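When you read off a place in the sequence shown, starting at 1, and then add 298, the result is the number in the working numbering. Glycine is no exception: its CB is placed at the ideal position from the N, C-alpha and C atoms. In this text, all values refer to a predicted model and were calculated from it rather than measured experimentally. Report on the following structure.
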Amino acid sequence: MSSSRSSSPSPHDELWNVANPDMDALDTIITQHFHADTLERVALGDGGYGRAFIYTFNNGRQVVAKVILPVRPVFKTESEVAAMILVKEKTSIPVPDVYLYCSTADNPVRAEWILMQYLQGERFTDCFEDLSNEKRYRTAKDLARIISPIFNITASYCGSVLPGSWCNALRYPVASPFHKANEKEDISRLFLQTGILDPLSGLRIGPINDSVFLDYPNQVPLKLCGPFRSDQEWMEAAAYLGIPGTRTTDIKNRYSFDKLVEVFDIAKQFEYPKSSP
299 MSSSRSSSPS PHDELWNVAN PDMDALDTII TQHFHADTLE RVALGDGGYG RAFIYTFNNG
359 RQVVAKVILP VRPVFKTESE VAAMILVKEK TSIPVPDVYL YCSTADNPVR AEWILMQYLQ
419 GERFTDCFED LSNEKRYRTA KDLARIISPI FNITASYCGS VLPGSWCNAL RYPVASPFHK
479 ANEKEDISRL FLQTGILDPL SGLRIGPIND SVFLDYPNQV PLKLCGPFRS DQEWMEAAAY
539 LGIPGTRTTD IKNRYSFDKL VEVFDIAKQF EYPKSSP
């Protein structure tokens, strides 16, 4: 089986070395799950503290495997899966199907991972320079039209979606000797303790996994990452959290964060105008 990936130093490379994933074990899990022989594994690239690979089977089928790097154990993987399923259920946005996933490093791969559908296409950022102005404009409008339904999914809190029991069927089988027998129950209890059941949406909302909080190696502690009661609270957390940490105590930088919150507060008045007396 062939494999290729970028070797340029990055936080992803450092985390990859920390996790030391066993890709042969992932190969075995994939071939067993799909009952097919794998012809090739090729790296797609790094992003969002994950490393993606495309698997091609002898029958021509292709599947994407994303190895999640240990920047926010359990929560990042679980909320990523929950978000994909939620968007797929609530909108017509083409989101990959999730086939199988594992949100604990306590598995043969030694890292968290997600197996998902491969959707063919080209990223807008990769082809932008080759498009005419007219095509850029049309593509941007198409993207806005496709993405806009996401804003109809609302909740009373700002945070990441946590999965319910409906995700259990997609979790890597705990019957494996590599897992604790009660692992799914442990994960469910963890979410009950950490997340908030939102009365508006019926969803369980947990801490935000935004890169502003996951700036490796200076991650903001999970308990400070939400869920937040308002967008104002979220903006203030994004501006000020990590002092010290992901933010500096420099007076100049502190001033810029103060202005950021001030501008947000002003802009919000235009988005949600107060009714006239």
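1. Can you confirm whether the region 425–440 touches the region 392–407 when touching is taken to mean that 3 or more C-beta pairs between the two stretches lie within less than 8 Å?
2. Candidates Asn357, Phe332, Val362: which alpha carbon is nearest Asp344's?
3. Determine whether the beta carbon atoms of Ile328 and Leu417 lie at a separation below 8 Å.
4. On the CB-based measure, 16 or more other CB atoms within 10 Å of its CB, does Ser401 come out buried or exposed?
5. Could you tell me which of Gly504, Cys523, Asp556, Asp322 sits nearest to Ala453, measuring between CA atoms?
6. Does the Cβ-Cβ distance between Phe456 and Asp563 come in under 8 Å?
7. Only counting runs of 4 or more residues, tell me where the alpha helix (DSSP H) segments fall wholly within the region 312–344, in order along the chain.
8. In the DSSP assignment, the alpha helix (DSSP H) including Val396 goes from what residue to what residue?
9. Mind checking Gly419: buried by the 16 CB within 10 Å criterion, or exposed?
10. Hey, Ala334 and Phe355: beta-carbon distance below 8 Å or not?
11. Please look up how many angstroms separate the CB atoms of Arg370 and Asn507, rounded, as I've assumed it's under 8 Å.
12. Output needed for Asp496: all residues of its chain with C-beta closer than 6 Å, excluding positions within five of it in sequence on either side, in chain order.
13. Where do the N-terminal and C-terminal ends of the beta strand (DSSP E) with Ile412 fall, by residue?
14. Please state the DSSP three-state secondary structure of Leu460.
15. Considering only DSSP beta bridges, list what Gly348 is partnered with.
16. Restricting to Cα atoms, I'd like to know which of Ile366, Lys374, His310 is closest to Leu324.
17. Could you pull out every residue in the same chain whose Cβ sits closer than 8 Å to the Cβ of Leu313, ignoring the five residues on either side in sequence?
18. Which stretch, first to last residue, makes up the alpha helix (DSSP H) that contains Ile383?
By the coordinates alone:
1. no
2. Stepping through the sequence shown from its first residue, residue 344 is reached at position 46. Checked all of Asn357, Phe332, Val362; the closest Cα to Asp344 is Val362.
3. Locating residue 328 in the sequence shown gives position 30, where the first residue counts as 1. Locating residue 417 in the sequence shown gives position 119, where the first residue counts as 1. No, they are not a contact pair.
4. Along the sequence shown, read from residue 1 onward, the residue named residue 401 stands at position 103. Classification of Ser401: buried, given that the 10 Å Cβ count is 16 or more.
5. Within the sequence shown, residue 453 is the residue found at index 155, counting from 1. It is Gly504.
6. Here residue 456 is taken as the residue at index 158 of the sequence shown, counted from 1. Here residue 563 is taken as the residue at index 265 of the sequence shown, counted from 1. As written in the sequence, residue 456 is Cys, which differs from the Phe given in the question. No, the pair does not count as a contact, with Cβ atoms beyond the cut-off.
7. 321–332
8. In the sequence shown, counting from the first residue as 1, residue 396 sits at position 98. Careful: Val396 lies outside any alpha helix (DSSP H), inside the beta strand (DSSP E) at 396–400.
9. For this step, residue 419 is matched to residue 121 along the sequence shown. With fewer than 16 other Cβ atoms within 10 Å, it is exposed.
10. In the sequence shown, counting from the first residue as 1, residue 334 sits at position 36. In the sequence shown, counting from the first residue as 1, residue 355 sits at position 57. Yes; because the gap between Cβ atoms is below 8 Å, this pair is in contact.
11. Here residue 370 refers to the residue found at position 72 when the sequence shown is read from its first residue. Here residue 507 refers to the residue found at position 209 when the sequence shown is read from its first residue. Going by Cβ atoms, the distance from Arg370 to Asn507 rounds to 6 Å, so yes, they are a contact pair.
12. As a first step, residue 496 is located in the sequence shown; it is residue number 198 there, counting from the start. Contacts found: Ala453, Ser454, Tyr455, Ile503.
13. Position 114 of the sequence shown, counted from the first residue, corresponds to residue 412. It spans 410–415 - the beta strand (DSSP E) in which Ile412 sits, taken as one unbroken run.
14. As a working note, residue 460 is residue 162 in the sequence shown. Three-state DSSP puts Leu460 in a strand.
15. Your numbering for residue 348 matches position 50 in the sequence shown. Note: Gly348 sits in a beta bridge opposite Ile366.
16. The residue you call residue 324 lines up with position 26 of the sequence shown. Here the closest residue by C-alpha is Ile366.
17. For this step, residue 313 is matched to residue 15 along the sequence shown. Cβ neighbours of Leu313 beyond the five flanking positions: Tyr347, Leu367, Pro368, Val369, Tyr514.
18. Walking along the sequence shown from the start, residue 383 turns up at place 85. Counting along the chain, the alpha helix (DSSP H) containing Ile383 begins and ends at 373–388.
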